[in-house]
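Working notes, structure below.
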Amino acid sequence: MPVILFNFTQSALNRIKVPTKEENIIQFRDTKERNLLLIISYTGFRRFYLVINIGGRYYKIKIGTSPDLTVKEARKKVMKLKKDIANGINPMDERRKINKERREKREKRLGLQTELTFGQVHEKYAEYSRIYHPKSWKRNYSTVKSYTAPFYHTKISEVTVEDIQKPFDEKTAKKKYVTANDILMKLSSITESQKRAERAGKILTFISLLTAACKSNVSGMRCERDKI
1 MPVILFNFTQ SALNRIKVPT KEENIIQFRD TKERNLLLII SYTGFRRFYL
51 VINIGGRYYK IKIGTSPDLT VKEARKKVMK LKKDIANGIN PMDERRKINK
101 ERREKREKRL GLQTELTFGQ VHEKYAEYSR IYHPKSWKRN YSTVKSYTAP
151 FYHTKISEVT VEDIQKPFDE KTAKKKYVTA NDILMKLSSI TESQKRAERA
201 GKILTFISLL TAACKSNVSG MRCERDKI
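Structural data, given as structure tokens:
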């Protein structure tokens, strides 16, 4: 489709009629700032673009919409972007970086909204334990809940090695090696059960924290749990 060239003015742009559906879009290029392009679609959108060759590749970079962005502001944006490009900054790379950061923040926010806390994982395990270990499940339930109280309502991905290690070390400092090891094995059972139920990365992260806590246990105490 041919590009119409003329000197952009706000009044001239306002007079341009929206193309028909058959025409789809019409394109205009500013003769004062040759890298400034305006595309008007049959739906009524009027978008300004920077059109430029960077490293042998042709880019069309959206900079705003008309009339929200005036001709003067659009030219100013184009000049700034061209200056950045001359200094080795590719605006597309910067935009991708910003979009990636926004996407990661959004995914993290959504993930945290649906992610289970350690307590929720424990409650799920207790339902299973109540059926298969009717004699011991209550005692085990109370022991684990007491031990993990500091992080019981914490999201799985936010539990740290230090969270697990602190109460664990308190037991070993009192030479209660069997008790500490027993608790660690109970935690292993809970995370192993959840791992079978869902292969979520955050559950596996918690398991790795548990392993780290076990490995950093005081000298002479054995961690006898199965590898998970």
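To convert, note that position 15 of the sequence shown is 15 in full-length UniProt numbering; the numbers rise steadily by one, no gaps. Just so it is clear, CB atoms sit at the ideal spot from N, CA and C, and this is done for glycine as well.
Euclidean distance between Cα positions of residue i and residue j
i	j	result
Y49	G64	7 Å
T70	Q10	7 Å
P91	L81	7 Å
A149	K108	25 Å
D84	E73	17 Å
K155	E162	15 Å
Q120	V159	13 Å
A126	Y147	15 Å
K21	R46	15 Å
K166	F151	11 Å
Y141	K105	35 Å
I4	P19	14 Å
A12	E33	16 Å
T143	M185	12 Å
K135	Y128	13 Å
D169	E123	25 Å
K38	I164	Residue identity differs from the one stated: residue 38 is Leu in this sequence, not Lys. Cα-Cα distance, rounded: 59 Å.
E101	D93	12 Å
A173	K138	26 Å
Where residue i sits in the DSSP three-state scheme
i	result
I85	helix
R15	helix
R103	helix
R29	strand
T160	coil
L204	The predicted position of L204 is uncertain, since its pLDDT is 48 and thus under 50; a value taken from the coordinates is nonetheless stated next. L204 falls in the helix class under three-state DSSP.
R199	Here R199 scores only 43 on pLDDT, less than 50, and its place in the model should not be relied on; the value that follows carries that caveat. In this structure, R199 counts as coil in the three-state DSSP scheme.
F118	helix
K108	helix
F8	coil
Identity of the residue in the options nearest residue i by Cα
i	options	result
K76	K21, D30, Y125	D30
residue 258	R103, I98, K145	Absent from the model: residue 258. The displayed extent of the chain is 1 to 228, so no value can be given.
K62	R34, R139, R95	R95
S157	N7, T114, Q27	T114
D68	A173, N14, N24, F6	N14
I89	R139, N24, I54, I164	I54
F28	I131, H133, F6	F6
E23	I40, L36, K174	I40
M79	R57, V51, Y58	V51
Y58	N35, S66, T43, Y42	N35
Alpha helix (DSSP H) runs contained entirely in the segment 36 to 69, provided each spans 4 or more residues: none
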